[in-house]
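Colleague: Going from the sequence shown to the numbering used here is simple: count from 1 and add 46.
Every residue gets a Cβ at the ideal spot worked out from N, C-alpha and C, and that includes glycine.
Let me begin by handing over the structure; questions about it come next.
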Amino acid sequence: MPTEKSAKQVGVPSDTDEFREHCRDRERRDDLLRETINRWIEELEQDVEEATASEQFAEWLDVQAQFHDYSFRNSILIRRQCPEATHVAGYRAWQDLDRQVQSGEQAIWIRAPIRARVCPTCDDSVQGHGDCDEQAPTEEWPQKVVGFRSVAVFDISQTEGEQLPELRREAHGNADWLVEALHQIADDWDIPVQIIDESEWPHGSAWGAYGTTEERIDLRNRENTADLARTFLHELAHARLHPEVPVDAQQAAAFELDAEATAAIVGRHSGLDTVGSRWYLSAWTHDENVSVTDRCEVIAVTARELIEQIDRKAND
């Protein structure tokens, strides 16, 4: 259960007469909780803005630009050839990152599209184009995929050299009691939960997953139970808020902000250090027109619901 010390760490004055008085009066306690969550959302938005403007984040973005978002088929090919793959790039891309593919390493083969300019009228390529009424110059013709070729890539585990910049976002603190409480909440919400060992983890580099089809939460097991709890909170927020698959990148970013900001706030209330969440939130707000402030209402409502559920479990 959370201790009086952990409550002090998150800024809730649990050892003061004022707070005890709030707790006796349900309405006053509700007001305090609402004010605290709103204040923490504002602080989180400020943390994200500072993190996004930092040199550390800029360096991380430069590195991430070297890694592509692979198609579903290529992701399957990568997983079958190298199940433990986390960061995959071509030979020269690794050299650009001051890393070298180690001698004797076997390439991971994927399929890359071949694009060529084709006639907008007859759909022939420049090389095969015959008589046609198309008047536009060939350099203005649209590009289309005309075939595929095999391309060799390598995982970071097959390389050596300079360390890649990392944005560490793990949570820290005492969370064994919190993980247990979250299991109980998931049971109340009829959401199955699986904690899966590293050797059998099927979701790549992700630390957790909520499947809208299976309506199940998968959590990647780890020794850091505080970070396991943060991921658990993240996926519970998804399960509560996002039964549908996002329709585009902006909605995907909004969903991730909802889940991670909720996890950061609830984790903070529970005595965890969740300051690292700012990096995850920064990554999702960088390219899409969405912010924590835009999502503050849904974040506040979901955070409050989880806090009330957790506090109830802690006092049972």
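If G270 sits next to E216, beta carbons under 8 Å apart, how far is it from one beta carbon to the other, in whole angstroms?
Modeller: Within the sequence shown, the letter at position 224 stands for residue 270. Within the sequence shown, the letter at position 170 stands for residue 216. In the sequence as displayed, the identity of residue 270 is Asn instead of Gly. Rounded, the Cβ-Cβ distance is 6 Å, consistent with contact.
Colleague: Buried or exposed, going by whether 16 or more other CB atoms sit within 10 Å of the CB of F278?
Modeller: As a working mapping, residue 278 is identified with position 232 in the sequence shown. F278 should be labelled buried.
Colleague: On the DSSP bridge list, what partners appear for W155?
Modeller: What you label residue 155 is simply residue 109 of the sequence shown in a count that begins at 1. DSSP output for W155 lists A198 as bridge partner(s).
Colleague: Specify whether the region 145-159 and the region 195-208 touch according to this definition: at least 3 beta carbon pairs, one from each stretch, less than 8 Å apart.
Modeller: Yes: the two stretches touch, three or more of their Cβ pairs being nearer than 8 Å.
Colleague: With DSSP as the reference, please indicate the residues paired to V191 in a beta bridge.
Modeller: The residue given as residue 191 occupies position 145 in the sequence shown. R161.
Colleague: Taking the alpha carbon of A221 as the reference point, which residue from R276, A182, D177 has its own alpha carbon closest?
Modeller: Here residue 221 is taken as the residue at index 175 of the sequence shown, counted from 1. Taking only the C-alpha atoms, the option nearest A221 is R276.
Colleague: From V147, N120, E89, Y256, pick the residue whose C-alpha is nearest to that of F194; which is it?
Modeller: Stepping through the sequence shown from its first residue, residue 194 is reached at position 148. Nearest option by C-alpha distance: N120.
Colleague: Per DSSP, what are the beta-bridge partners of V239 in this structure?
Modeller: Position 193 of the sequence shown, counted from the first residue, corresponds to residue 239. Answer by DSSP bridge pairing, in chain order: I263.
Colleague: Please go through the same chain and pick out, in chain order, the residues whose beta-carbon is closer than 6 Å to the beta-carbon of Q392, but skip the five residues on each side of it.
Modeller: Since the first residue of the chain shown is 47 and the last is 362, residue 392 is not available in this structure.
Colleague: I'd like to check one pair, E180 with C165: are the Cβ atoms closer than 7 Å?
Modeller: Residue numbering aside, residue 165 sits at position 119 when the sequence shown is read from its first letter. Residue numbering aside, residue 180 sits at position 134 when the sequence shown is read from its first letter. Yes, these two residues count as a Cβ contact at 7 Å.
Colleague: Could you please give me the residues that DSSP links to T205 through a beta bridge?
Modeller: As a working note, residue 205 is residue 159 in the sequence shown. Bridge partners of T205: V147.
Colleague: Just to confirm, is the Cβ distance from V344 to D294 under 7 Å?
Modeller: Stepping through the sequence shown from its first residue, residue 344 is reached at position 298. Stepping through the sequence shown from its first residue, residue 294 is reached at position 248. In this structure, D294 does not lie closer than 7 Å to V344 by Cβ.
Colleague: Buried or exposed, going by whether 16 or more other CB atoms sit within 10 Å of the CB of D177?
Modeller: Taking the sequence shown and counting its residues from 1, one reaches residue 177 at position 131. Result: exposed.
Colleague: Of the residues P188, P159, R157, A158, which one's Cα is nearest the Cα of S171?
Modeller: In the sequence shown, the residue the question calls residue 171 occupies position 125. Taking only the C-alpha atoms, the option nearest S171 is P188.
Colleague: Around the Cβ of A111, are there at least 16 other Cβ atoms within 10 angstroms (buried) or fewer (exposed)?
Modeller: The residue given as residue 111 occupies position 65 in the sequence shown. Looking at its Cβ environment, which holds fewer than 16 other Cβ atoms inside 10 Å, A111 is exposed.
Colleague: Can you tell me whether A307 is helix, strand or coil according to DSSP?
Modeller: Within the sequence shown, numbered from 1, the residue matching residue 307 stands at position 261. Three-state result, A307: helix.
Colleague: Under a three-way DSSP split, which group does V347 fall into?
Modeller: The sequence position of residue 347 within the sequence shown is 301, counting from 1. Helix at V347.
Colleague: Compare the beta carbon distance of I156 and L123 with 7 Å and say whether it is the shorter of the two.
Modeller: Translated into positions along the sequence shown, residue 156 becomes position 110. Translated into positions along the sequence shown, residue 123 becomes position 77. In this structure, L123 lies closer than 7 Å to I156 by Cβ.
Colleague: Taking DSSP's pairing of strands, which residues face V134 in a bridge?
Modeller: Here the question's residue 134 lines up with position 88 in the sequence shown. Answer is D201.
Colleague: Out of F301, E244, D234, Q297, which one is the CA nearest neighbour of Y1?
Modeller: Nothing about residue 1 can be read from this structure; the chain reaches only from 47 to 362.
Colleague: Could you name the residues that DSSP lists as bridge partners for S171?
Modeller: Within the sequence shown, residue 171 is the residue found at index 125, counting from 1. Bridge partners of S171: V164.
Colleague: Using only alpha-carbon positions, find the residue among P248, V239, R286, E246 that is nearest to I263.
Modeller: Reading the sequence shown from its first residue, position 217 is the one you call residue 263. Per the Cα distances, V239.
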